[in-house]
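Engineer: Residue numbers (this note's numbering): 2 to 332.
Yeah, the Cβ is synthetic: ideal placement off N, Cα and C, and Gly gets one too.
This one's a predicted model, so the numbers in the text were calculated from it and none came from an experiment.
Take a look at this one; I'll ask things after.
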Ligand code: ADP
Ligand code: TRP
């Protein structure tokens, strides 16, 4: 059976983009594979969150994973820092990760540009920490978005380098897993680009948002003055609203508004009202479960304990073998 693994940084609440771009795929995969899904809390330390924010966000993402249907009985659901083996493999991999290749990494260059005041070693070695997550379970497939492909390429480099150095076929080379046509990009509400939590205020709809907040955000979404002649191309903002309808609404609803646009009769207010209600229909049951689970410490404790135990079975086996391979086995 193939080993599938993916992680999400706990930097806020999950939004529709995270759901349709990542979590929904995790839910499908858990049925047929040996899956590891985890909350990458070590990774979020590179941005120096306060302890309260970090802990709160781990709780949020965990509750949201569970509320959307990730099943701790089917998949191994865990918190990255519950596995000390992650830190050990990170240390070992860093010995063979070269400064030059780490500095060339696009996400590192981007971080330096955006936050020149906080260029820490954790940022530089972000790819080796991610490689440690993946190689710890000797994963074959990693469902991630396009933005993570370079990190995965580096993971393959580290895996190959280890295998060559010790002349052993130990790590498989993990492949990015995307769902082909099913890989969706969820646009945001601010008229440009994708939905994301670090974009402008109100750009993202979170799974935990109340119906009132969802209505407010959608009604304020950027649109335009409306088409004046038949067949006029859509502006990016309006294209985004239609993409959201395509993801969230029934095909008839999409067809209706496409037709209205074509005939220049479209009222964006009506479209937004319908879109908001369709989003609410989808998020409401999830939101109810999130609110229930989020405050259930006992359940969260049980799930994380079980996840850590399952994950450590595979992690400790890998670490034991690696120690022997590199020559730090016991007497
Ligand atoms: P954000 O952009 O809000 O910071 P993350 O980078 O933490 O989100 O994303 C976590 C996962 O969710 C990644 O696998 C990413 O590809 C996916 N994802 C995030 N935003 C979107 C989006 N708008 N459309 C599709 N997938 C997304
Ligand atoms: N770097 C990933 C992101 O920002 C999160 C992540 C950490 C991850 N470790 C991973 C994803 C291992 C896949 C596999 O989205």
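#1: Grouping DSSP H, G and I as helix and E and B as strand, with all else coil, what is residue 273?
#2: For residue 288, count neighbouring Cβ atoms within 10 angstroms of its own Cβ and tell me buried if that reaches 16, exposed if not.
#3: Under three-state DSSP, which class holds residue 232?
#4: Relative to the C-alpha of residue 173, which candidate in 158, 187 and 180 has its C-alpha closest?
#5: Is the closest heavy atom of the ligand ADP to the C-beta of residue 196 under 7 Å?
#6: Express the C-alpha separation of residue 141 and residue 272 in angstroms, rounding to a whole number.
#7: What is the DSSP secondary structure of residue 16, reduced to helix, strand or coil?
#8: Express the C-alpha separation of residue 251 and residue 81 in angstroms, rounding to a whole number.
#9: What first and last residue would you give for the alpha helix (DSSP H) that runs through residue 301?
#10: If you drop the 5 nearest sequence neighbours on each side, which residues of the same chain put their C-beta closer than 8 Å to that of residue 3?
#11: For residue 39, I'd like the list of residues in its chain whose CB is within less than 6 Å of its CB, leaving aside the five on either flank, ordered along the chain.
#12: So for residue 57, helix, strand or coil by DSSP?
#13: Count the other C-beta atoms from every protein chain shown that fall within 10 angstroms of the C-beta of residue 51, then say buried if there are 16 or more, exposed otherwise.
#14: Near residue 294, what residues of its chain come up, given a Cβ to Cβ distance below 6 Å and the 5 sequence neighbours on each side ignored?
#15: Give the DSSP-derived three-state secondary structure of residue 180 in the structure shown.
#16: Closer than 7 Å: is that where the CB of residue 222 sits relative to any heavy atom of the ligand ADP?
#17: CB residue 16 to CB residue 207, shorter than 8 Å?
#18: Once DSSP output is grouped into helix, strand and coil, what is the label at residue 224?
#19: From residue 278 to residue 190, what distance separates their C-alpha atoms?
#20: Between the alpha carbons of residue 26 and residue 19, how many angstroms are there, rounded?
#21: Name the one or two DSSP bridge partners that residue 9 has.
#22: Is there a C-beta anywhere in chain C that falls below 8 Å from the one on residue 172?
#23: Going along the chain, which unbroken runs of the alpha helix (DSSP H) with 4 or more residues stay wholly within the segment 117-199?
#24: Run the CB neighbour count on residue 169, radius 10 Å, all protein chains shown included, and call it buried at 16 or more, exposed below.
#25: Would you kindly work out how many angstroms separate the C-alpha atoms of residue 41 and residue 135, rounded to a whole number?
#26: For residue 298, which of 59, 21 and 12 has the nearest alpha-carbon?
#27: Report back the beta-carbon spacing between residue 180 and residue 326 to the nearest angstrom; my notes put them in contact at under 8 Å.
#28: Need the endpoints of the beta strand (DSSP E) that residue 84 sits in, please.
#29: Please classify residue 137: is it buried, with 16 or more other beta-carbons within 10 angstroms of its beta-carbon, or exposed?
#30: Is the separation between the beta-carbon of residue 281 and that of residue 215 shorter than 8 Å?
#31: Mind checking whether residue 95 and residue 126 have CB atoms under 8 Å apart?
#32: Could you pull the DSSP bridge partners for residue 207 from this structure?
#33: Of all the options 131, 209, 292 and 286, which has the alpha carbon lying nearest to the alpha carbon of residue 92?
#34: Nearest by alpha-carbon distance to residue 144: which of 133, 177 and 116 is it?
Structural biologist: The answer reads as follows:
#1: DSSP places residue 273 in helix when its eight states are reduced to three.
#2: Result: buried.
#3: If DSSP states are grouped into helix, strand and coil, residue 232 belongs with coil.
#4: The shortest Cα separation from residue 173 among 158, 187 and 180 belongs to 158.
#5: Yes, since a heavy atom of the ligand ADP falls inside the 7 Å radius drawn around the Cβ of residue 196.
#6: Going by the C-alpha atoms only, they are around 43 Å apart.
#7: When DSSP states are grouped into helix, strand and coil, residue 16 belongs to the strand group.
#8: Answer to the nearest angstrom: the Cα atoms are 38 Å apart.
#9: 298-327 is the span of the alpha helix (DSSP H), which, as asked, contains residue 301.
#10: Taking C-beta separations shorter than 8 Å and ignoring five residues to either side along the sequence, the partners of residue 3 in its chain run 34, 35, 141 and 142, following chain order.
#11: Short of 6 Å from the beta carbon of residue 39, and not among the five residues preceding or following it, lie these beta carbons of its own chain, in chain order: 8, 79 and 81.
#12: Three-state DSSP puts residue 57 in a helix.
#13: Exposed: under 16 other Cβ atoms inside 10 Å.
#14: The residues are 64, 67 and 68.
#15: Note: residue 180 maps to coil in three-state DSSP.
#16: No.
#17: It is a contact, given that the beta carbons lie within the stated cut-off.
#18: Residue 224 falls in the coil class under three-state DSSP.
#19: Using only the alpha carbons, I get a separation of about 15 Å.
#20: If you take the alpha carbons of residue 26 and residue 19, they lie about 10 Å apart.
#21: Bridge partners of residue 9: 40.
#22: Judged by its chain identifiers, the structure shown contains no chain C, having just a single protein chain.
#23: Listed in chain order, they are 122-125, 127-137 and 150-166.
#24: Residue burial is scored here from C-beta neighbours: residue 169 has fewer than 16 other C-beta atoms within 10 angstroms and is therefore classed as exposed.
#25: Looking at the two C-alpha atoms, the distance is approximately 12 Å.
#26: Closest option to residue 298, judged by alpha-carbon separation, among 59, 21 and 12: 59.
#27: With 8 Å as the limit, residue 180 and residue 326 do not qualify as a contact, their Cβ atoms being about 35 Å apart.
#28: That residue, residue 84, is in no beta strand (DSSP E); it is neither H nor E in DSSP.
#29: By the neighbour-count rule (16 or more Cβ atoms within 10 Å), residue 137 is buried.
#30: The Cβ atoms of residue 281 and residue 215 lie closer than 8 Å to each other.
#31: Cβ atoms of residue 95 and residue 126: closer than 8 Å.
#32: Under DSSP, residue 207 takes part in a beta bridge, and its partners are 16.
#33: Nearest C-alpha to residue 92: 131.
#34: Considering only alpha carbons, the answer is 177.
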